[in-house]
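A short write-up of the structure that comes next.
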Amino acid sequence: MKKWLMISIVFVLLATGCSNNSADMSAYKGIPKTNQFRTVDYESVTKALTNDENGVYVVAHPGSYASLNIIPTLNDVLKDLKLEANYIDMSNETAFTTDVNRRITEFLKHEDIPDEAMSFRPLIIFVNDESHKIFLPKIRQ
C-alpha cells in the first residue's frame with residue numbers, strides 16, 4: 029500500500045512540476061503552445077514595475093495588427109535570449125476589464141511614457157539589472 033502511495037505522489041509531483049505554464053498564444057500565428065509568454069494579472073505587473081523587478085512585460089491584444097506581427101518575432105527573440113515575458117492579454121474580457129485598462133493607463137502615466145505610446149499595443153517594457161526601464165514603442169517627436 030505504501031509503495032502505491034509513494035508512486036502516486038511521485039507521479040502527481042512529476043505531472044504538475046513538468047506542466048506547461050505558457051500563455052495561450054493560439055491567436056498568434058507561428059507561436060508554439062510551449063512559448064516564452066506567461067499570463068499574469070494587472071496587480072502582479074504593476075507591483076513588479078513599482079519594485080523595479082527585472083523582466084519583460086507585454087500588454088497586447090491579438091486583434092491588433094501590430095500585435096499579430098510583433099509578438100511572434102518577440103517570442104523568437106525571447107527564446108534565443110532564454111527569457112520569458114509576463115503577458116497581459118487585453119482580449120481576455122474577464123481578466124482585462126475596462127477598469128483594469130484604466131488602472132494600467134493611470135499607472136503607466138507615471139512612468140514617463142509619451143501619451144502616443146499609451147494607446148499603442150503591444151506595449152513592451154524591459155527592466156534590466158540597473159532598474160532601467162525601456163518602453164517600446166519609442167515614439168519619435
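Take the sequence shown: its position 132, counted from the start at 1, is 160 in the working numbering, and no numbers get skipped.
Idealized CB from N, CA, C, for every residue including glycine.
A quick note: this is a predicted structure, and the numbers were derived from the prediction, not measured.
Quiz item: What span of residues does the beta strand (DSSP E) with V87 cover, start to end?
Solution: Translated into the one-based positions of the sequence shown, residue 87 becomes position 59. It spans G83 to A88 - the beta strand (DSSP E) in which V87 sits, taken as one unbroken run.
Quiz item: What is the residue span of the alpha helix (DSSP H) that T62 lies within?
Solution: Taking the sequence shown and counting its residues from 1, the one referred to as residue 62 is at position 34. Here T62 belongs to no alpha helix (DSSP H), and DSSP marks it neither H nor E.
Practice problem: Please go through the same chain and pick out, in chain order, the residues whose beta-carbon is closer than 6 Å to the beta-carbon of H89, but skip the five residues on each side of it. | Solution: As a position in the sequence shown, residue 89 is number 61, starting the count at 1. Once the five neighbours on either side are set aside, the close Cβ partners of H89 are S95, M118, S119 and R149.
Quiz item: For I98, which residues from the same chain have a beta carbon less than 6 Å from its beta carbon, with the 5 sequence-adjacent residues on both sides left out?
Solution: What you label residue 98 is simply residue 70 of the sequence shown in a count that begins at 1. If we look at I98 and ignore the five residues flanking it on each side, its Cβ neighbours are P150.
Quiz item: Tell me, which residues are paired with Y115 by DSSP?
Solution: Position 87 of the sequence shown holds residue 115. In the DSSP output, where bridge partners are listed per residue, Y115 has T67 and V86.
Quiz item: Under 9 Å, do A55 and G91 count as touching if we go by C-beta distance?
Solution: Here residue 55 refers to the residue found at position 27 of the sequence shown. Here residue 91 refers to the residue found at position 63 of the sequence shown. Contact flag set, yes.
Quiz item: Hey, Q64 and E112: beta-carbon distance below 9 Å or not?
Solution: For this step, residue 64 is matched to residue 36 along the sequence shown. For this step, residue 112 is matched to residue 84 along the sequence shown. In contact: Q64 and E112 (Cβ atoms closer than 9 Å).
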